[in-house]
Amino acid sequence: MKKIGFALLFFLFMSQTVHADFNVQEAINIAKPGEVVHIPAGRYQGNFIVTKPITLQGEEGTELIGERDNPSLRIENTTNVTVENIKLSGKNKAIVANAVDGLELRKLQIKDVHTGIHIQRSKNIRIQNINVTGSEGHYSKKGNGVAVFKSEDITIEGNTVEQVQDGIYVEEVKHIVVQHNKVTSSRYGTHFMYTTDAEALFNTYAQNVTGLMIMMTTDIFLENNIVANHFDFNGYGMLLYDVQQAEIKHNTIKNNRTGVAMQKSSTIQIETNDFQMNQTAIEGTKVSDDTMASSNNFTGNILTARSDKQGFQLVSNYYDDYSGIDLKDNGIGDIPYVAVSSFGQWMVRQPVYQYFVASPSVILLTSLDQQINKTEKNMLVDNTPKLATKHVNEKTKMNVVQMLVGLFLTLSSLWLWKRGITE
Amino acid sequence: MKKWMMIVMLCCGVLMGCSEKTYEPREIVSETDVCKICNMSIVHNAYAGQIALKNGDYEIFDDIGCLMEYIEANGEGEIGAAFIKDAAKNEWIDVFNAVYVYNKDYWTPMNYGVVALDSKEAAQEWMTKEGEGQLLAYKDLHDFKWGIHK
């Protein structure tokens, strides 16, 4: 029995390295452009370099382990490279791509590295179905999951990233689509800097410091993302700093310290989003006059909106704390909704006040605000607040059967009553 | 004797009160410190800056560009001291006396490409290692065009 056990253990450990005598770098070196290099299952230590258009294809159990501080795999000055179905690990970066035109990274497992994938000065890049798990510890000691610098035409989709500094870091990139990714337990879910023409669609960001951090970026579209549980002292669902032209639509933004914050930004459209149970739903400082939040649903938030003196526009949103009525029956409240809150304004200046947000004195102050601010005309006022998340106009319908039964019962009652009197 | 002791202590107290207040930089706490201007958390300590205000408060910055933006907006009147990390030694140095080097390809948290060093010699040494740059003094930073440069 013991012998069989030892034999099984032997095969268990040896099976990992059974093909380790295969020379990965040599196979890369002799491959002709366009060829596929199959890497058999096994653990291969080294710092591998690709400088020609080939496909590196692993199988179940293929692992490249980087040595020293160099990347496990470097792709340099080439075109049309594909890397798929490989596990990567190492001390520093798993994959570095520099000056590559046409790169596809698919089905990769990256673990225990400082930085997952680092792309720079490249174009036509597709990063798909990759799993990056950082090490334990504080994010300040880690690198990013996927980082792209000075590149263009990038697609990052279907990836799962956890426990890193920034899940997806994008700097000086032209035209990028980030979609169907999930980033958790990191500093920022996706961090855009100095980027133009960007889209973030159908992503899930949860339990990071901030879900979407967007800085110095122009022309960005954020749609159908779920941004939840960013409730640290400095946490935001989305933070836009120095951003021009952003559209934020159909997102679910819930349980964050601040749902969406805008600073020094202009032409921001926030439409048809669900803001649920955030401490503050929307915050704006130094934003342009044309910044607008319209047709959103605000439910269960402590503060709906706060801003500096400049404010921003609120148009046709649903607010669960709106107390007006709709005599005209058009689904729009008859009196404006005023979101101005003294405490909210103080919190903009001193974030530490957030710890008093649900205290009795603040609740009393907010109630007083709601009464006093009814005269407010300009700042954070929605003149057309919706009374329901979906307003349906019921047509006048007649149920003939019900009417006939009712008529019959009424006449029968009258007949019985009359009979009772006459008898 | 007691009376004399009291007088001496009182004089010491008055003299201490009259002496100029000194300001020391404080340690960066990556878990909670965020840049006063851009809100980024401070994870690259080698580029961080801080201003010790006369009222005892500290404002923290992730990049010299953000620190300068704060000064441009609020003036220097309330500043007790301002510190920036020496990019080579990772030590706090005085913002007003530091030597700055700019190169658009130097990486900094905001990508402004300006790093601080404690002397001209250190700046020369930095440029030898990291690539040539333009030497700047504090006064030059007021007119500097912060942002990325192509």
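Top line first, the protein sequences correspond to chains A and B. Under the numbering used here, the first residue of the first sequence carries the number -1, and numbering increases by one thereafter. Under the numbering used here, the first residue of the second sequence carries the number 27, and numbering increases by one thereafter. Just so you know, even glycine gets a beta-carbon here, dropped at the ideal spot from N, CA and C.
Can you tell me the Cα-Cα spacing of residue i and residue j, whole angstroms?
i	j	result
THR256/A	LEU362/A	22 Å
LEU62/A	PHE190/A	30 Å
ALA356/A	ASP272/A	22 Å
LEU6/A	GLY56/A	Low local confidence applies: a pLDDT of 49 at LEU6/A is under 50, so the model's placement there is unreliable, and no value is given.
ASN430/A	ASN295/A	What the structure shows of chain A is the stretch from -1 to 421, and residue 430/A is not part of that stretch, so it cannot be assessed.
ASP367/A	GLY342/A	11 Å
SER292/A	LEU378/A	12 Å
GLN161/A	ALA107/B	37 Å
ARG119/A	VAL146/A	8 Å
VAL16/A	ASN83/A	Since pLDDT at VAL16/A reaches only 44, below the 50 mark, its modelled position is unreliable, and the value read off the structure follows with that caveat. Rounded to the nearest angstrom, the two C-alpha atoms are 18 Å apart.
THR53/A	GLY141/A	27 Å
GLN107/A	ASN179/A	15 Å
VAL403/A	SER411/A	12 Å
HIS136/A	ALA148/B	32 Å
ILE280/A	GLN205/A	19 Å
LYS50/A	PRO69/A	18 Å
MET290/A	ILE93/A	41 Å
MET12/A	GLU65/A	Confidence in MET12/A is poor, its pLDDT being 44 and thus under 50, which makes the residue's placement too unreliable to answer from.
GLN311/A	GLY159/B	45 Å
GLY91/B	GLU151/B	22 Å
ARG41/A	ILE73/A	20 Å
VAL181/A	THR297/A	25 Å
VAL398/A	PHE406/A	12 Å
PHE127/B	TYR164/B	Here residue 127/B turns out to be Val, not Phe, going by the sequence shown. When rounded, the distance between both Cα atoms is 11 Å.
GLY309/A	VAL144/A	36 Å
PHE8/A	GLY59/A	At PHE8/A, the pLDDT of 47 sits below 50, so the modelled position is not reliable and the matter cannot be decided from this model.
ASP195/A	ILE218/A	6 Å
Taking a contact to mean a Cβ-Cβ separation below 8 Å, would you say residue i touches residue j in this structure?
i	j	result
TRP172/B	GLU95/B	yes
LYS172/A	GLU150/A	yes
VAL175/A	ILE166/A	no
ASN129/B	GLY157/B	yes
VAL285/A	ASN254/A	no
ILE4/B	ILE105/B	Examination of residue 4/B is not possible in this model, given that chain B is present from 27 through 176 alone.
ASN232/A	VAL207/A	yes
GLN274/A	LEU301/A	no
GLN243/A	THR216/A	yes
VAL141/B	GLY75/B	no
THR270/A	ILE330/A	no
TYR73/B	PRO135/B	yes
Count the other CB atoms within 10 Å of the CB of residue i; is the residue buried (16 or more) or exposed (fewer)?
i	result
TRP413/A	exposed
ARG52/B	exposed
THR154/B	exposed
LEU10/A	Note on LEU10/A: pLDDT 45, under 50, position unreliable in the model; no value is reported.
ASN116/B	exposed
PRO358/A	exposed
LYS252/A	buried
ASN27/A	exposed
LYS91/A	buried
VAL55/B	exposed
LYS111/B	buried
PHE46/A	buried
GLN14/A	With a pLDDT of 45 at GLN14/A, under the threshold of 50, the predicted position of this residue should be treated as unreliable, though the coordinate-derived value follows. So GLN14/A ends up on the exposed side.
ASN123/B	exposed
HIS116/A	buried
PHE7/B	The question about residue 7/B has no answer here: the residues shown for chain B are numbered 27 through 176.
HIS168/B	exposed
ILE123/A	buried
SER396/A	Correcting the residue identity first, residue 396/A is Met in this sequence and not Ser. Burial call: exposed.
ARG185/A	buried
LYS47/B	exposed
Which residue from the options puts its Cα closest to that of residue i?
i	options	result
GLY114/A	ILE128/A, SER120/A and ASN122/A	ILE128/A
LYS30/A	GLY44/A, GLY40/A and ASN78/A	ASN78/A
ASN71/B	ASN81/B, LYS130/B, ALA113/B and ILE33/B	ALA113/B
ALA198/A	VAL207/A, ASN381/A, SER184/A and GLU221/A	GLU221/A
THR202/A	GLN274/A, GLY322/A, ASN223/A and THR194/A	ASN223/A
GLN348/A	THR270/A, GLN369/A and ARG304/A	ARG304/A
LYS80/B	ALA124/B, SER145/B, TYR49/B and LEU143/B	TYR49/B
GLY322/A	VAL336/A, ASP99/A and VAL313/A	VAL336/A
THR193/A	MET401/A, LYS148/A and ASP164/A	LYS148/A
LYS139/A	TRP30/B, GLU57/B and ILE174/B	GLU57/B
ASP332/A	LYS384/A, ASP288/A and ASN299/A	LYS384/A
GLU245/A	LEU101/A, GLY187/A, ILE125/A and ASP288/A	ASP288/A
Please confirm if residue i has its CB atom under 8 Å from at least one CB of chain C.
i	result
THR134/B	Given the protein chain composition of this structure (A and B), no chain C is represented.
Would the stretch 37 to 44 of chain A count as touching the stretch 18 to 27 of chain A if we require 3 or more Cβ pairs under 8 Å? yes
With a cut-off of 8 Å, do at least 3 Cβ pairs link the stretch 257 to 266 of chain A to the stretch 233 to 240 of chain A? yes
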